[in-house]
Structure formats: structure tokens, C-alpha cells
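Chains as they are written, first to last, in the numbering used here: chain B, 68 to 516; chain U, 4 to 363. Note that beta-carbon positions come from the ideal geometry of N, C-alpha and C, so glycine has one too.
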Amino acid sequence: MGVKLLLDKAHVEGIRYYDVYRREGGYRSVEKALKMSPADIVEEVKKSGLRGRGGAGFPAGMKWSFIAKPEGVPRHLVCNADESEPGTFKDRYLMEFLPHLLIEGLIVASFALGSNATYIYIRGEYAWIPDILEQAINEAKANGWLGKNIQGSGFDCEIYVQRGAGAYICGEETALIESLEGKRGNPRIKPPFPAVKGVWDRPTVVNNVETLAAVVPVINMGGEAYSKIGVGKSTGTKLISACGNINKPGVYEIDMTISVEEFVYSDEYCGGIPNGKRLKACIPGGSSVPILPANLLFKTAKGEQRMMNYESLSDGGFATGSMMGSGGFIVLDEDQCVVKHTLTLARFYRHESCGQCSPCREGTGWMEKILKNIETGKGKMTDIDLLWDIQRKIEGNTICPLGDAAAWPVAAAIRHFRDEFEWHVNNPELCLTQNFGLAHYADAREVVA
Amino acid sequence: MAEEQKLFKVTIDNITVEVEPGTTILNAARKIGGDVAPPAMCYYSKLKGSGGKCRTCLVEVAAGSTADPRPMPKLVASCRTTVMDGMIVKNITSERVIDARAGVVEFLLLNHPLDCPICDQAGECHLQDLSYEHGKAGTRYEFSRRTFEKHDLGPYIQLHMTRCILCYRCVFTADQLTNKRVHGVLDRGDHAEIATYIEKALDNDFIGNVIDVCPVGALTDKTFRFKNRVWFTKPVDAHCGCDKCSGQVTLWMRGDEVFRVTARKDEWGEVEEWICNTCRFERKKVSDWTIEGPTEVSRHSVISQGHYVGITKPAETIDKVMGRKPQLLMDIHTVSGVNDPNVDLSEIEGPAHSDDFKKQ
């Protein structure tokens, strides 16, 4: 059983409410933090090695230290709760069951960054969660953790919940800022970065829900102790939302020292593949990261065991590795069709592209149309190379990472499952009624045994 | 006394230029001119906040600055990236840039109707120039192109949404010239469209300028629609004593008929001064104007055809950058001796024969 820092109290009856949360040791980190100086808190977070949990994995302490501090200009902290990545639902779990943990983290982070007005930008589809958060905010306020002069420290802080209108792109930090300002959610062109010019042109830090929640254990146990959990640069614990063809889908907290194989097959976590099926592929970090076939999922190209942490999952680059991403762990068994799966993702990105820059606006739609042809048996062999060329021209040439996110799944699917695409082209009628199956991407476990 | 501002040295395609700090790579390249200047479909120096969207101006930064000479990993939008001292930029000398740009042109043309034969913009269309200079001959797109419902923007401006490349220039123009927000983008992704909210007419004294900033034929002048091809009309600089604007315009004339009035544009196709709707749409008689003389026209433009005086020659930089003449697809003289430039036909007696050329 691994260490649990975020979800250890998740099953306590009534933890959603202030009284229970406080009784279980809640808001201790705020008490501790208010006695520290803001710079010390940033230093502590730096020491902890806490990495952003939203996808990119940028060290949170570094991000905080970049914030510009011009005289007389207010600074803001924005919590990115626009969790829209297909396959990722860890923030939803945190906010729904442990709203006070997020509020606590937000107060500490606001104090460290000097933000007197902090915003939670929450995805529109999470229609019932803002009420939970607002109730938690009101409870915290009634007990003196928010508002004017928090706990007699002289620090004022208000937290506002802002609902999005259901656009994936608003999870990109600059698009989120635009949307928060009441404008169309188009990503801004960087530089200037939000740390210099963010919400209303004021210095802003945008952090993921889980990152901010993780600030609580960092302060409670100290950065030094936090950095000892996990492995190398993957410190602390990470929430993984597992879904797809597994026996026990759900949100799991891992301490990054377990292997991917253990995560998929152990009863403590996913509990294996249902109905005795074999594993075909897995997307380890949310829909936008490259898909990995079973043989590369458990073992890296070097033959080492692949672990559930930032470094190991990205071992081998995009050629033979993937990314930790936002922790949306999607498992595909042998009955799943990779072409259809890629089409579903391409359709999603086409729908969610903001339409601001040309490669993403036009390229995502084009990829979807070609994939649809291949999937329905109308594809040509040249279409596969064309797809490869399109994704290559989108990746890296767009304003925001949505272009990359749209290109990577297609690239990885062709890279690892090209024979399946070719089978679709060669068997236009068969592919409508039958799936390609496992082919030579056998389940690594079977091969070893 | 103010301290003398240090100029930044930036090398673009092997040509070094000194510019003020805060200049973008694109503007530094425009200072050099010619082929070194990246094409820009969405950037407009007169519009605050424009640029960064079309991705045609992508360049490779081979060295960030003297202090930090690391190259930038991705291609950057030159219109929104400011220069650093000692920066080395590769534009047409970079294979990556040429490839990415061809990709962007392909993307831009993907859903473009290519209805140039009936488009009023043809002949002065930036997308035509762009695809001619940076695009590929064919398309790999096999699907039907997207279409839109028609929006009516009032009596003067015609919107053809199918031709739009979503550069947002007109949105910025409408935002920055008018007090109220009247004109914007509806929807998102590949079905995003330029429109006014619920079919409102664009009604402002200066709104006609959206026609001039549009790089393609998405916004055209209803008073000029289908009247003439732009290359048959002659641009003439003229002015009038207008009480709303500067009155400095270009008249597009054929004979003594004024077909169209536009604002004056510089060599990058950007409006020099905004003009009002009265000048643009109402003053269509020669007697309304004081004519100054023919407008300078860039030689590459089709408008310069037909023995037009006052043609300017663009700066040629290919020699300097690539160390060679512009490449021909095929030098005809390598396979055929006919019309060998070394042979003077007038010196040959009688009809020329292939032997005459082989003698050389």
C-alpha cells in the first residue's frame, strides 16, 4: 500500500463539510503557512520538487518564483479546474469529495503569491461542483479562513468560483485567462507569459487543482520530507484516473514507485482486464499523450520495467515512450480498434479547436475526415502517409499546445499500429464487422510467461 | 539627456540589420526587404494585437541572442517575437521553414473555394501571392469544402465567409475604430465564422476599412462588386477636403471613370491612413477629387502590367542570401540549343538552323 497524501481522508464520513475536515486535521497547513514568510513557502514548494499535475509537469515552485512583482499591481492566483481531457477525472474527484483540501491549498498558495483575489475556473460540464465549492468557501469564511485579516495575520483573501461554458481549449492557461476576463476563450500568444501579464494584465499564476491540493501536504510535512516520497524528479503522490477495459476504474493515488504492470494488474489498483481479455494498448496520461502498445507499456525499449512516474513513462521519447500527462489512464483490450479510437480522439480535437491559428483549425478537421474514411473502409494506402504528414505540419506550429495534443495521438497510433491501419485499407469490408485484434503486439505478460 | 538607445544587431538569412529593441523579427526583416521578409496574412502593423494566428510568418531562430545563443526549439511566429541582440534568424534559408510554410499554405487553401475567376480580390489577393510564392501546385484534400450561411452586413460591405482565412484583421479593425463591439467571430474551430451578432449591419463612418485590411476576398466593396477586374483599372493617388478623414486615397480608374476608392497602401499592402465611408463609397466622380498622379505599384503586382508608369522594383535579396540566382525549374538551354543567348540571331544569314547554334 503506497503513501496517500491527498486521498487518505477521502472516505471519512462527512469530510466534505468543514467540521469533519477540521476535526481530521484540516487547515493546519494554513496555520503553519501564515507564520512563515511568503518567500519561505515558495522555497518550501521548490524544495519539495512538486511538479504541475495538469499535464506539462512543470515544477510548481519554479512557476511561483517567476511571478512578476511590480509595485502596486495586484497579483492573482487562478486554479485551473477546467479538467476536460478525455480520460481525466481526478480533479473532479478531489473537488467533489474533498473541497476543503483545495480551498486550504488555495489559501496557502494565495498567501505565498500575494493574491488577494483568487479564482477557481471550473469547467461548465461540472455543473454541480461549483455549489460544493461555494459551500466550502462559505464555511471557510465563516470560520475565519477567508475574507479580511485571515486568522489575525493581516492577510486578506477571497476565492471566487467562475464557471466555464464547456470548452476544452479553456483549460489552456491563457485561454482560461481570456475566458475568465469574459472574452472568447482564445489562447494568447506568448510571450508575455501569465506570470508577467495574466488576468487583466496583472501577474498571474495558473495551477491545476491537484497541484494546489498537493501544496497542503508539502507545507504540513515540509518540502524536504515531501521530496523523499517518490522517485528522482517525480516527487510526492499523483492521482491517476483509470478507465477503459479494466476491472476497477476509478481515481487512485500512487506514490510513483509502482510499475505500470502492477498498476494495471494488481487488485489494489485497476484489478486487471475484465473477461479474461488481453491488453492491447494504453494511453497513460490523458487522451493527448501518445498511445503505447502493450509490449512497450510494461517494458521500455531498453528492456527496463516501466514505472508510473514522469521519467519512466517518457523514457524513449515519443518513439517508444509516452507521457505522464494529466494522469488519465485509458486501457484498451484486444477487442478495441485503434483506428476507431484514433478517429474518436481526432473528432474531439476537431470539435474543440478554437479556430484561431490555421494549422490546428484546418488540420484537425482534415485528419478526422481521413481517419473516418479509413475506419469505414474507404481509405487508401497513401492516406496513412498523408495523415503522418498532416500531423507533422500541425505539431509545434500552433499558438497553443492543442495542436500538439491533436497531432500526438494520431502520430503514435500510426507509429505503433501502422499494420492495423493498413489492414483497414486492405480489408475494406472486413473492417466494418471485425476488429484487427492483437497481432504481434502481444500482451507482454503472456510473452514473459 | 536621454541615454542613447542601444540598437540590437540581428542577422536574418545572413543579412545583418540594426533595429531598435522591441522590434519584431518580421519588422526587422521588412527593413531588409525582398524575399527575406516573411509573408504575413494576419499581422497588420496598424492594428494592435494582430498577428500570430495564420502561422505563415514562422521562422527558425538559430541563435536566441549573444548572451544566450541557444536555438529556439520550435519555429516562432516572427510577427510576434521580438528580436534580441545577436539573434540569428533563418527564413528562406531554412528547410524547416519552407516546409512548414508550405504546410500552412496548404491548410489555408484547404477550405478556400479558389473561386478567383469570380472574386473581386483576385489580382490584389495576398492569399494568391502567398500560394504562388510558398505553396504547392496541387492539393491533397479530397473532401468537400466547408460552406456557410450568408450574412448580410449592410449596403456597402459584402461578406463571403467561404473565402475567409480567419485572420481576425477585420475584427481588430472594427474593435479599434469603432466604439461599440459590432463585429466578431462566432463559433469555433473549422466552423468559426466572421459575423455581426444577429445579422446587424456594420454601421460606422470608418467601417469600410475592413475591406482594405482583408487579405482575401472575404470582405469586398458592394459598390465595386463585379464591376471590373482590378488589373484593368489604374490606381491614381488623389485627395479631397474631407471633414471626417484625411481624404488621402487611391482611385481605381478606367478612362475617366472612378470604379473604386481605397485607402493608400504601402509596399506590404497595409493601409497608410484609414479613410471614411463617404470617401470610399460615395465620391465616385473625378470632379470630387484632386488627382495627384499615378500610384507607385510594385512590379510583381499584376496591376503593373500594361505599360504602366511609376513601377517600383522590389529589393532582390536571393543573391545575397542563398549565394545564387533564383532557381529556375529547368534551364531550357541545358537541353536545347535553340535561342542560345550567346548567338545573335541578326548575325545569321537566312533562317536559323540548329547547326548555327551547335557551331558555338
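Cβ neighbours of residue i in the same chain (closer than 6 Å, five flanking residues each side left out)
{"i": "U:Met90", "result": "Val13 and Ser68"}
{"i": "B:His167", "result": "Tyr88, Gly93 and Ala203"}
{"i": "B:Cys467", "result": "Glu239 and Pro254"}
{"i": "B:Cys404", "result": "Asn502"}
{"i": "B:Ala473", "result": "Tyr416 and Thr431"}
{"i": "B:Leu74", "result": "Glu320"}
Neighbourhood of residue i by C-beta, 8 Å cutoff - its chain only, sequence neighbours within 5 removed
{"i": "B:Gly352", "result": "Gly122, Leu380, Ser389, Met390, Met391, Gly392, Ser393, Gly394, Gly395 and Phe396"}
{"i": "U:Cys128", "result": "Cys119, Cys122, Pro218, Val219 and Gly220"}
{"i": "B:Ile451", "result": "Ile441, Ile481, Arg485, Phe488, Glu489 and Val492"}
Buried versus exposed, by CB contacts within 10 Å (16 or more), residue i
{"i": "B:Tyr160", "result": "buried"}
{"i": "B:Val398", "result": "buried"}
{"i": "U:Thr19", "result": "exposed"}
{"i": "B:Asn216", "result": "exposed"}
{"i": "B:Val140", "result": "exposed"}
{"i": "B:Lys136", "result": "exposed"}
{"i": "U:Ser357", "result": "exposed"}
{"i": "B:Lys517", "result": "Any answer about residue 517 of chain B is impossible in this case: the structure gives chain B only from 68 up to 516."}
{"i": "U:Gln124", "result": "buried"}
{"i": "U:Met4", "result": "Note that U:Met4 scores 43 on pLDDT, short of 50, meaning its location in the model is unreliable; the coordinates nonetheless yield the value given after this. The residue in question, U:Met4, is exposed, as its Cβ has fewer than 16 Cβ neighbours within 10 Å."}
{"i": "B:Glu401", "result": "buried"}
{"i": "B:Lys369", "result": "exposed"}
{"i": "U:Phe229", "result": "exposed"}
{"i": "B:Gln458", "result": "buried"}
Pairwise C-alpha distance: residue j and residue i
{"i": "B:Arg512", "j": "B:Arg373", "result": "Reliability of the predicted coordinates at B:Arg512 is poor, the pLDDT of 49 falling under 50, and the value obtained from them is presented with this limitation in mind. Whole-angstrom Cα-Cα distance: 13 Å."}
{"i": "U:Glu285", "j": "U:Ala266", "result": "14 Å"}
{"i": "U:Pro24", "j": "U:Val62", "result": "19 Å"}
{"i": "U:Tyr47", "j": "U:Gly54", "result": "7 Å"}
{"i": "U:Glu21", "j": "U:Met87", "result": "11 Å"}
{"i": "B:Lys114", "j": "B:Glu98", "result": "20 Å"}
{"i": "B:Lys305", "j": "B:Asn287", "result": "17 Å"}
{"i": "U:Ala177", "j": "U:Val188", "result": "12 Å"}
{"i": "B:Val514", "j": "B:Met103", "result": "Note on B:Val514: pLDDT 40, under 50, position unreliable in the model; the coordinate value appears next. If you take the alpha carbons of B:Val514 and B:Met103, they lie about 55 Å apart."}
{"i": "B:Gly384", "j": "B:Tyr193", "result": "34 Å"}
{"i": "U:Asp215", "j": "U:Arg33", "result": "20 Å"}
{"i": "B:Ala262", "j": "B:Glu201", "result": "27 Å"}
{"i": "B:Asp322", "j": "B:Arg414", "result": "34 Å"}
{"i": "B:Val228", "j": "B:Tyr186", "result": "6 Å"}
{"i": "U:His115", "j": "B:Lys71", "result": "55 Å"}
{"i": "B:Glu110", "j": "B:Arg118", "result": "14 Å"}
{"i": "B:Glu80", "j": "B:Ile307", "result": "23 Å"}
{"i": "U:Lys153", "j": "B:Ala478", "result": "37 Å"}
{"i": "B:Gln218", "j": "B:Cys237", "result": "34 Å"}
Interface residues of chain U facing residue i [CB-CB closer than 9 Å]
{"i": "B:Lys264", "result": "Within chain U, no residue comes near B:Lys264; the closest Cβ sits about 13 Å away, beyond 9 Å."}
{"i": "B:Leu453", "result": "Arg143"}
{"i": "B:Pro426", "result": "Arg58, Ala103, Gly106, Val107 and Phe110"}
{"i": "B:Arg95", "result": "None at all; the shortest Cβ gap to chain U is about 42 Å."}
{"i": "B:Gly463", "result": "Pro76, Lys77, Leu78 and Ala103"}
Interface partners of residue i on chain U, CB under 8 Å
{"i": "B:Arg417", "result": "Gly192 and Asp193"}
{"i": "B:Glu429", "result": "Phe110, Leu111, Leu113, Asn114 and Asp193"}
Residue-chain proximity (residue i, chain D), Cβ-Cβ < 7 Å
{"i": "B:Lys460", "result": "No chain D is present in this structure, whose protein chains are B and U."}
Chain B contact residues for residue i, given Cβ-Cβ distances below 8 Å
{"i": "U:Tyr144", "result": "Trp433"}
{"i": "U:Val188", "result": "Arg251 and Gly422"}
{"i": "U:Arg83", "result": "Ile256"}
{"i": "U:Leu254", "result": "Those do not exist, as U:Leu254 stays about 34 Å from chain B at its closest Cβ, beyond 8 Å."}
Contact list for residue i against chain B, beta-carbon separation under 7 Å
{"i": "U:Gly55", "result": "Ile256 and Ile466"}
{"i": "U:Ala140", "result": "Chain B residues near U:Ala140: none, gap ~16 Å exceeds 7 Å."}
{"i": "U:Lys51", "result": "Those do not exist, as U:Lys51 stays about 13 Å from chain B at its closest Cβ, beyond 7 Å."}
{"i": "U:Lys288", "result": "Within 7 Å Cβ-Cβ: nothing; U:Lys288 doesn't reach chain B, min ~41 Å."}
{"i": "U:Leu61", "result": "Asn464"}
Interface partners of residue i on chain U, CB under 7 Å
{"i": "B:Gly422", "result": "Leu169, Arg191, Gly192, Asp193 and Ala195"}
{"i": "B:Lys436", "result": "Phe146"}
Nonlocal neighbours in the same chain, by C-beta distance under 7 Å from residue i, ignoring five residues either side
{"i": "B:Glu245", "result": "Arg251, Gly252, Asn253 and Arg255"}
What are the uninterrupted segments assigned as beta strand (DSSP E) that are 3 or more residues long and contained completely in the region 75-144 of chain B, given in chain order? none
Counting only runs that start and end within the region 330-418 of chain B, where is the alpha helix (DSSP H) found for 4 or more residues in a row? 361-365, 377-380 and 384-387
Kindly provide the ranges of any alpha helix (DSSP H) runs that are 4 or more residues long and lie completely inside the region 425-496 of chain B, ordered along the chain. 425-442, 448-461 and 469-493
Curious, which full-length beta strand (DSSP E) runs of at least 3 residues does the region 269-337 of chain B contain? 271-275, 305-311 and 317-321
Extract the residue ranges of the beta strand (DSSP E) inside the region 118-176 of chain U, only unbroken runs of 3 or more that lie entirely within it. 160-162
If you scan the region 18-49 of chain U from start to end, which runs of the beta strand (DSSP E) of 3 or more residues do you find wholly inside it? 18-22
Going residue by residue through the region 170-246 of chain B, where are the continuous alpha helix (DSSP H) segments of at least 4 residues, counting only ones entirely within it? 196-209
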